[in-house]
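With our numbering as the guide, the letters of the sequence shown map in order to residues 271 to 582.
Virtual Cβ for every residue (Gly too), placed ideally from N, Cα, C.
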Amino acid sequence: MVTSVGHHQAAHVQSSAQLPTFLYKSTQDRNKFFAHESMTGDVGVIGHILTAVSYLLCIVTLPISACFCIKVVQEYERAVIFRLGRLVPGGAKGPGIFFICPCIDTYRKVDLRVLSFGVPPQEILSKDSVTVAVDVVVYFRVSDATISVTNIEDSSQSTKLLAQTTLRNVLGTKTLAEMLSDREMISLQMQSTLDEATLPWGIKVERVEMKDVRLPVQLQRAMAAEAEASRDARAKVIAATGERNASQALSDAALVLAESPTAVQLRYLQTLNSISSEKNKTIIFPFPIEMIKAIGRMGRKKKPSAMDAKRD
């Protein structure tokens, strides 16, 4: 009878394993299906006998056996129990107290809190052929304790290695300017890629953050020189614009003063007043503007005669 039961179980598992992948809505559904199959499978006659003996041993050795059979898990933990190598029906236990049978039960605690790790700096060649060193921080948690134990040996280490390769693959398609300006978009893309890849492991990637993007020293100097040259160019443009505006204002003022002799006289008096108020020790003798104009006209008349004398 034991042989017939074993053949029935082997045929059932083989037929389940041969089901095509497209019959499942997602990889998570497929994992849960196989986990359910392993939990509901029969342990056979020998397994039932060993289970009965274990229960009897617990009853006979009470209350000493209570110290070994009763276990406690914290609020943030779950316990995945195996009985004779098979998952115990009911899924992960906890939080609180749970019971195990001595000799036939083993269990493994899983922490459900958000964990983090830092990816060491990776030398990455960007899309525009610039070598940069980038390091990131990944925050993740266990979303399904049973799958994280049965589907992968070390979920934390595997997620760390996958994060390194994902970082290289994602940043290899970006230019240096995109790495420096679109950090948030790159972080979201890495999170989505990691979350999809770790779904069959029972892992949920909560967040990915880029810590630092380190450039080569020569490239840093070149970028600093470029930024300084750009600042100098902007300063020269601003100074030239100011001088042009000032020249235009002076030209407009000269036109206004030329059209109004009274305005020239008032400006002359205002200038004398300013000089007398700033330098009290200086004695100023006002000079009539009409006399200045007469001297100017006389100078213009004398210039042609002087030039003619030179020609002679």
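| Item | Value |
| --- | --- |
| Can you pull the DSSP bridge partners for Thr376? | Phe352 |
| Secondary structure at Thr321, three-state DSSP: helix, strand or coil? | helix |
| How about Ile621 and Val402: are their beta carbons less than 9 Å apart? | A question about residue 621 goes unanswered here, because the residues of the chain that appear run from 271 up to 582. |
| Taking 8 Å as the cut-off, is the CB of Arg537 close to at least one heavy atom of the ligand SAH? | For the ligand SAH, the structure offers nothing, since it holds no ligand at all. |
| Ends of the beta strand (DSSP E) at Glu476? | Ile473 to Arg484 |
| Under a three-way DSSP split, which group does Leu520 fall into? | helix |
| Would you call Tyr377 buried or exposed, if buried means 16 or more other Cβ atoms sit within 10 Å of its Cβ? | buried |
| Alpha carbon to alpha carbon, how far is Arg438 from Val342? | 42 Å |
| Would you mind reading off the limits of the alpha helix (DSSP H) that contains Lys430? | Ser425 to Leu441 |
| Tell me which residues share the same chain as Arg484 and place their Cβ nearer than 8 Å to its Cβ, disregarding the 5 neighbours each side in the sequence. | Pro391, Val402, Ala403 and Val404 |
| In terms of alpha-carbon separation, which member of Arg353, Val475, Thr420 and Arg348 lies closest to Thr321? | Arg353 |
| Alpha carbon to alpha carbon, how far is Ile370 from Cys328? Give it in angstroms, no decimals. | 10 Å |
| CB Pro486 to CB Val400, shorter than 9 Å? | yes |
| What residue from Met455, Ala336, Ser500 and Lys444 has the CA that sits closest to Ile367's CA? | Ala336 |
| Would Val468 and Ser428 be called neighbours here (beta carbons separated by less than 9 Å)? | Checking the sequence, you will find Thr at residue 468 rather than Val. Closer than 9 Å, so yes. |
| Which whole-angstrom value describes the C-beta separation of Lys379 and Glu345, a residue pair presumed to lie in contact below a C-beta threshold of 8 Å? | Actually they are not in contact, since the Cβ atoms of Lys379 and Glu345 sit about 13 Å apart, beyond 8 Å. |
| Keeping to the same chain, check which residues put their C-beta closer than 6 Å to that of Gly414; ignore five residues upstream and five downstream. | Rather than Gly, the amino acid found at residue 414 in this sequence is Asp. Excluding residues within five positions, the ones whose Cβ falls inside 6 Å are Gly472. |
| Could you check where the beta strand (DSSP E) with Ser386 kicks off and where it finishes? | Leu385 to Gly388 |
| Can you say whether Lys506 is buried or exposed, counting buried as having 16 or more other CB atoms within 10 angstroms of its CB? | exposed |
| Could you pull the start and end residues of the alpha helix (DSSP H) that Leu446 belongs to? | Leu446 to Ser451 |
| Can the beta-carbon of Ser418 be found closer than 9 Å to that of Leu385? | no |
| Pull up the distance between the alpha-carbon of Ile422 and that of Val412, whole angstroms please. | 12 Å |
| Which two residues bound the contiguous alpha helix (DSSP H) that contains Val419? | Ala415 to Thr420 |
| Go ahead and label Leu446 buried or exposed: buried means 16 or more other beta carbons lie within 10 angstroms of its beta carbon, across all protein chains shown. | buried |
| Could you tell me whether the Cβ atoms of Thr436 and Val350 are closer together than 9 Å? | no |
| Alpha carbon to alpha carbon, what distance is there between Leu458 and Leu382? | 23 Å |
| Taking 9 Å as the cut-off, decide whether the C-beta atoms of Lys430 and Val478 are in contact. | no |
| With DSSP collapsed to three states, give me the class of Thr331. | coil |
| Since Ser396 contacts Leu441 with CB under 8 Å, what's their CB separation in whole angstroms? | 7 Å |
| Gly588 to Val475, Cα distance in whole Å? | As displayed, the chain neither begins before 271 nor continues past 582, which places residue 588 out of reach and without an answer. |
| Let me know the secondary structure DSSP gives Ala362 once reduced to three states. | coil |
| Please state the DSSP three-state secondary structure of Asp381. | strand |
| Leaving out five residues on either side along the sequence, give the residues of the same chain with a beta carbon under 6 Å from the beta carbon of Cys373. | Ser324 |
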